[in-house]
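The structure under discussion appears below in the form of structure tokens.
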Amino acid sequence: MYPKNYKYSQEHEWVLLEGQTATVGITDYAQHSLGDVVFVELPKPGAKFSAGGVLGTVESVKAVSEIYSPITLEVTEVNAVLANAPEKINQDPHGAAWLLKGRATNPSEMAGLMDATAYEAFVAEKEKEEHA
Amino acid sequence: MTSPTTETLRKTALNTVHRQMGAKMVNFGGWDMPVEYSGILAEHNAVRTAAGLFDVSHMGEIEIHGTESLALVQQVTSNDAGKLSDGQIQYSGLLTDAGTFVDDILVHRCGPGHFFLCVNAGNQGRDFAYIQQQNRFACKPENAGDRYSQLAIQGPRALEILGRLTPVNLAALRYYHFTRGAVDGVEAMISRTGYTGEDGFEIYFDPRHSERLWGALLDAGKAQGMIPCGLGARNTLRLEAGMCLYGHEIDETTTVWEANLGWICKLEKGLFLGHDALERQKAAGLERILVGFEMADRLIARDGYPVFCEGRASGRVTSGSPAPFLKKNIGMAYVPWRLREPGTEICIGIRGQQAPARVVKLPFYKRLK
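If you read the sequences in order, they're chains A and B.
Going by our numbering, the first sequence opens with residue -7, and the numbers climb by one from there.
Going by our numbering, the second sequence opens with residue 696, and the numbers climb by one from there.
This is how it looks when you write it as structure tokens:
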């Protein structure tokens, strides 16, 4: 379910680092919690964010969810598909519905994120709490 | 602050079924309720184009029996229950002495000495205590919430679907009327009412038969595209239809006039709680009024967001959401009286931005007859 080559934050973002290019999205757990996504607000290329900074928002019918940058980056590209098809986030959160790409200025931060196995365990714990 | 675990929440008779169906559950007014099954957009649009089935057993019921039942109902409500014939229903306000809302309710006249009120889930205890306190008449109110489960079947195909399970002539049952009959062999009260803006029925019956009726209705409606719907779609549907939600558009601080519900306020019926305050306010004029608004673009206004009129802070959004069928972003809010005209431009504060919107006529959505 959760790609092995991605890293994951506690706020349910994923990041794929290829060289200095980071691709960021939200996880399947996040899209499922949100429900039907209807609107995405993303930054412009050139915008800079430290790890933990608010990149934008993903909105579902019922909720607004802030997206936090998993690592420090400078935005280079934003996924244009999402402006008119926000529901792609529900359909393919780890693939076609990536949110943005950026230049990772401090790649060592990746070490502080969870790998797929750790994230799966993290999510399993959360789901247990929710069904209590 | 810790939230209650689901053990401390109240549950309808269908709670296990909802969980088995994979519904996302939410704490709604102290009840563990399904918010969505397959998704709010799909559920909302199913109701607008086919049909949806809702478990609304959390709603409360208060029965009043006795020769002076009508007098008690008239005393505590804003609408004229004296106009009801047997089997007829009216929307009404349970009012304070100030003409503001204790609750919004449906009043059913079963007979001259028997009235049946459907009240909001979270207000049941308060409403019952209030009615008892006001009762100086020859009648007895009963808190009947535990004696009824309630299902709502709503949408253009609702009649066709329910018709398969009941000998009752549903086509002859007029809107805002009710009757009694069997649904899949289960004795029930069937009313042609709903909270969605579509044609549909609300069915009240003994909770013992809940799983059976839920299953029978879903089976009967499957071929027509009926799906189970949760509170998420219930909210977006009623909002599109311009209907109020207690605790949002109406509460103990809003009068019947301010809430744009003058049509359920019949001062001429005689004295009732709130009558004099409402008469005075009518003469003095309103300072504020509830309106509907539409956002100018993709930004979404939500409950509680600040409203700005002519650049000045002017209250908050009472309900705001995307409208799944209309494909717009809509909401309701109280604005100063003189800014109530459709077309008036206002702004909604969204994460520090002033998002443009304009006042529109209610309802946002009205079904074709």
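Just so it is clear, CB atoms sit at the ideal spot from N, CA and C, and this is done for glycine as well.
Only a predicted model underlies this, so the values are computations on that prediction, with no experimental measurement involved.
Counting C-beta pairs with one atom in each stretch, the stretch 733 to 753 of chain B and the stretch 887 to 898 of chain B have three or more that are closer than 8 Å, which means they touch. A Cβ-Cβ contact shorter than 8 Å links residue 50/A with residue 57/A. Taking C-beta atoms under 8 Å as the contact rule, residue 852/B and residue 745/B qualify, at a distance of about 5 Å. CA-CA distance, residue 849/B to residue 97/A, rounds to 55 Å.
As computed with DSSP, residue 8/A is found in a beta bridge with 15/A. Against chain B, the CB of residue 28/A has a partner CB under 8 Å away; the residue lies at that interface. Cα atoms of residue 981/B and residue 1033/B: separation of roughly 9 Å, rounded to the nearest angstrom. Across the structure, residue 826/B and residue 47/A are spaced so that their CA atoms are roughly 52 Å apart. Contact residues of the stretch 40 to 54 of chain A toward chain B are 49, 51, 52, 53 and 54 (C-beta to C-beta distance below 9 Å). In terms of Cβ geometry, residue 962/B and residue 973/B form a close pair [threshold 8 Å]. Residues of the stretch 96 to 122 of chain A with a C-beta atom less than 9 Å from some C-beta of chain B are 122, listed in chain order. Classified as buried, residue 61/A has 16 or more neighbouring CB atoms from the shown chains inside 10 Å of its CB. By the C-beta density criterion, residue 719/B is buried, having at least 16 other C-beta atoms within 10 angstroms.
For residue 906/B, same chain residues with a beta-carbon under 8 Å away, outside a window of 5 residues either side, are 708, 709 and 712 in chain order. In the DSSP assignment, residue 787/B falls within the unbroken beta strand (DSSP E) covering 783 to 790. One finds 27, 28, 53 and 54 in chain A with Cβ atoms closer than 9 Å to the Cβ of residue 731/B, taken in chain order. Here residue 823/B carries a helix assignment [DSSP, helix/strand/coil]. Under the DSSP assignment, residue 704/B falls outside any alpha helix (DSSP H); it carries neither an H nor an E label.
Judged by their CB atoms, residue 23/A and residue 16/A are not nearer to each other than the 8 Å cut-off. In the structure shown, the three-state DSSP call for residue 753/B is coil. Taking the C-beta atoms as reference points, residue 732/B is found no nearer than 8 Å to residue 1031/B. In chain order, 1054, 1055 and 1056 place their CB closer than 7 Å to the CB of residue 1037/B, counting only its own chain and leaving out the 5 sequence neighbours on each side.
In this model, residue 59/A and residue 26/A are separated by some 12 Å (Cα to Cα). Using a Cβ-Cβ distance cut-off of 8 Å, the stretch 868 to 875 of chain B and the stretch 818 to 836 of chain B are not in contact, since fewer than three pairs of beta carbons, one from each stretch, lie closer than that value. Between the alpha carbons of residue 725/B and residue 817/B lies a gap of roughly 7 Å. Just so you know, the alpha carbons of residue 832/B and residue 1046/B end up roughly 53 Å apart. Residues of chain A with a Cβ closer than 7 Å to the Cβ of residue 762/B do not exist; the shortest Cβ-Cβ separation is about 47 Å.
The straight-line gap separating the alpha-carbon atoms of residue 1003/B and residue 1009/B is approximately 5 Å.
Listed in chain order, the positions of the stretch 1009 to 1037 of chain B with a beta carbon within less than 9 Å of a beta carbon of chain A are 1016, 1017, 1019 and 1024. Counting only residues of its own chain and dropping the five nearest sequence neighbours on each side, residue 94/A has a CB closer than 6 Å to the CB of 14, 65, 66, 67 and 68. Using a Cβ-Cβ cut-off of 8 Å, residue 997/B counts as an interface residue toward chain A, since at least one Cβ of chain A sits closer than that to its own. Between residue 72/A and the set 89/A, 20/A, 63/A and 42/A, the nearest pair of CA atoms involves 89/A. Of the candidates 741/B, 717/B and 734/B, the residue whose Cα lies closest to the Cα of residue 919/B is 741/B. In the DSSP annotation of this structure, residue 120/A is not part of any beta strand (DSSP E); the continuous alpha helix (DSSP H) holding it starts and ends at 108 to 122. Distance between residue 939/B and residue 1058/B, taken at the CA atoms: about 11 Å. Counted as a single uninterrupted DSSP element, the alpha helix (DSSP H) harbouring residue 743/B occupies residues 735 to 744.
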